[in-house]
Amino acid sequence: MELDKTPSVSSDGTLTSCRTLLIDSKGIGFFRLPFPPRQLELPILDATDGSLAYVSTRERVSSGTAVLSKPTVGDLVKTEYFFRPGRGPIVTSLQADKPSSKVHGRWTSRITSFRMPNGEAFEWSYGRQKAADGEKANLIVLRAIEEAHRTGTILARLIRGEETRAPGSKKCSAGNGGTLVIDSSYLLPEEIIVATCLIMLEREIDRRRMTQAMMLSAAASGGP
Numbered sequence: 329m330e331l332d333k334t335p336s337v338s339s340d341g342t343l344t345s346c347r348t349l350l351i352d353s354k355g356i357g358f359f360r361l362p363f364p365p366r367q368l369e370l371p372i373l374d375a376t377d378g379s380l381a382y383v384s385t386r387e388r389v390s391s392g393t394a395v396l397s398k399p400t401v402g403d404l405v406k407t408e409y410f411f412r413p414g415r416g417p418i419v420t421s422l423q424a425d426k427p428s429s430k431v432h433g434r435w436t437s438r439i440t441s442f443r444m445p446n447g448e449a450f451e452w453s454y455g456r457q458k459a460a461d462g463e464k465a466n467l468i469v470l471r472a473i474e475e476a477h478r479t480g481t482i483l484a485r486l487i488r489g490e491e492t493r494a495p496g497s498k499k500c501s502a503g504n505g506g507t508l509v510i511d512s513s514y515l516l517p518e519e520i521i522v523a524t525c526l527i528m529l530e531r532e533i534d535r536r537r538m539t540q541a542m543m544l545s546a547a548a549s550g551g552p
């Protein structure tokens with residue numbers, strides 16, 4: 329599928345044509361055992377009216393496979409995620425006419441990239457945003473990469489500040505959701521944007537779990 333080339337970012341870097349979703353991922357805290365999160369259903373809401381836009385579902389707590397579905401359409405994307413190095417997540421479209429993608433990036437990396445079947449590549453990475461009142465928000469930003477005349481174009485931002493992070497989560501939570509602002513003029517399938525954003529949150533959780541496991545191991549052995 330050929331992606332639209334219409335410019336969509338203003339001179340100050342803000343998205344000019346937006347769709348806004350609320351990712352209700354609670355994430356995990358710091359002081360806990362290194363178990364996977366117990367949240368099996370992760371709702372993604374339409375920010376305009378609070379209706380359910382998508383839901384990401386795992387069959388069991390220990391499962392690394394999640395299915396992203398839409399109430400009006402059904403299952404859209406399956407993500408196979410592996411809690412170990414050397415195997416990147418696989419994002420598979422469950423709609424016959426939609427493309428699939430394999431996600432790349434080291435298991436512990438804070439940058440995740442993926443390439444669509446037409447060759448266009450995209451990358452999620454971290455950033456920060458300062459509001460007019462001085463409040464700083466954590467960002468996870470999706471950009472186009474390796475594309476002529478479009479490298480660096482911002483397609484989406486997950487914003488996590490005091491007013492935008494998922495209810496019930498904290499600033500120190502790993503894998504907590506927030507407000508996902510998507511450039512609706514760039515025709516990358518929205519479900520792919522959502523699914524790969526959720527992979528970034530899953531990797532946050534895994535880095536936190538790895539830290540917790542190392543702390544537990546150090547405590548059990550009597551410390552360093």
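Positions 329 to 552 (my numbering) are the ones given, in order, by the sequence shown. A virtual CB, placed ideally from N, CA and C, is assigned to each residue, including glycine.
Beta-bridge partners assigned by DSSP to Pro371: Val383. With contacts defined as CB atoms closer than 7 Å, Pro365 and Leu380 fail to qualify as a contacting pair. Rounded to the nearest angstrom, the gap between the Cα atoms of Glu530 and Gly355 is 9 Å.
Look at Gln540 here: in three-state DSSP terms it is helix.
In terms of Cβ geometry, Arg471 and Ile482 form a close pair [threshold 7 Å].
In the structure shown, Val522 falls within a helical segment according to DSSP collapsed to helix, strand and coil. By the CB criterion at 7 Å, Ala494 and Arg536 fall outside the cutoff. A check of alpha carbon separations from Met528 across Gly505, Ala546, Val509, Ser513 identifies Gly505 as the nearest. Exclusion of the five residues before and after Val431 leaves Gly416, Pro417, Ile418, Val419, Thr440, Ser441, Phe442, Thr524, Ile527 as the residues of its chain whose Cβ lies within less than 8 Å of its Cβ. Rounded to whole angstroms, the gap between the alpha carbons of Arg456 and Leu350 is 18 Å.
Judged by DSSP in its simplified three-state form, Glu530 adopts helix. Around the C-beta of Val389, fewer than 16 other C-beta atoms lie within 10 Å, and the residue is accordingly described as exposed. About 5 Å separates the Cβ atoms of Arg386 and Leu368, confirming a contact at the 8 Å cut-off.
Residue Val395 holds the alpha-carbon nearest to the alpha-carbon of Ile372 among Pro362, Ser391, Phe358, Val395. With fewer than 16 other beta carbons inside 10 angstroms of its own, Arg360 counts as exposed.
Rounded to the nearest whole angstrom, the C-alpha separation of Leu516 and Ser397 is 17 Å. The beta carbons of Cys500 and Phe358 sit closer together than 7 Å. With a 10 Å radius around the Cβ and a threshold of 16 neighbouring Cβ atoms, Ala465 comes out buried. Per the coordinates, the alpha-carbon of Ile473 lies some 27 Å from the alpha-carbon of Thr492. As computed with DSSP, Leu470 is found in a beta bridge with Trp452, Ala484.
Taking C-beta atoms as the reference points, Val522 and Tyr382 count as a pair closer than 7 Å.
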